[in-house]
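Position in the sequence shown (from 1) plus 3 gives the number in the working numbering. Using N, Cα and C, we set each Cβ at its ideal position, and we do this for glycine too.
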Amino acid sequence: MAMKTTSARGQMNAGMAIEVECGNHRLIMDQPRNAAGQDLGPTPLEAILAAVAGCFGTIGRFIAHQQKIELRGMRFEIEADYDPSGLLGRDPSMRPGFQELRVKVEIDADLDRAGKQALLELIEKRCPVADNLTHGTRLVSMLL
């Protein structure tokens, strides 16, 4: 299958708000008020957690359809740990990104626990967001 390209365009708005156009949609990311933001949307790190949930749910639907599983629903609890001293530049030895990301998933389907675990493992394996987070993606940044 041929490679596909997805894209987004963004810009800084007032304060800490960043507006990004993704396809026909607009996403505003911001910082909380106690971090000089206006709390107009999730932080970029929170958006990553939301993307994991969205990807797990979407891939779960794909797999359920392919395997003829009646997937009535999924619930997600996602949390991740990071040290702010890295992203704030206070400790250059500290990595700015997540140290660990934990995803708890409740699957509503007529599967036993082993079946649900197998489904979850397949979802994680096929989720492109999880793949980007666990295997890394080459990042190329350049000035326009």
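Check: Start and end of the beta strand (DSSP E) containing Lys107?; Outcome: Glu103 to Ala112
Check: Within its chain, find whatever has a CB closer than 6 Å to the CB of Glu24; leave out the 5 residues flanking it on each side and keep chain order.; Outcome: Arg12
Check: Taking only runs of the alpha helix (DSSP H) that begin and end inside the stretch 50-135, which ones reach a length of at least 4 residues, in chain order?; Outcome: 87-90 and 116-129
Check: Does Leu155 come out as helix, strand or coil in the three-state DSSP assignment?; Outcome: With the chain covering 4 to 147 only, the question about residue 155 has no answer from this structure.
Check: Is Leu114 near Leu123, with beta carbons less than 8 Å apart?; Outcome: no
Check: Specify the secondary structure class of Arg12 as computed by DSSP and reduced to three states.; Outcome: strand
Check: Nearest chain D C-beta to Met97 closer than 8 Å, yes or no?; Outcome: Looking for chain D here will not work: only one protein chain is present.
Check: Please state whether the Cβ-Cβ distance between Val55 and Val108 is less than 8 Å.; Outcome: no
Check: Let me make sure I understand the geometry here. Which of Ile110, Val132 and Gly139 has the alpha-carbon closest to that of Arg78?; Outcome: Ile110
Check: Flag this pair as yes or no: are the beta carbons of Tyr85 and Gly100 separated by less than 8 Å?; Outcome: yes
Check: Any heavy atom of the ligand FMN closer than 7 Å to the beta-carbon of Phe65?; Outcome: With respect to the ligand FMN, the structure shown offers nothing to examine, as it has no ligands at all.
Check: Tell me which residue opens and which closes the beta strand (DSSP E) that Val143 is part of.; Outcome: Where Val143 is concerned, there is no enclosing beta strand (DSSP E), given that its DSSP letter is neither H nor E.
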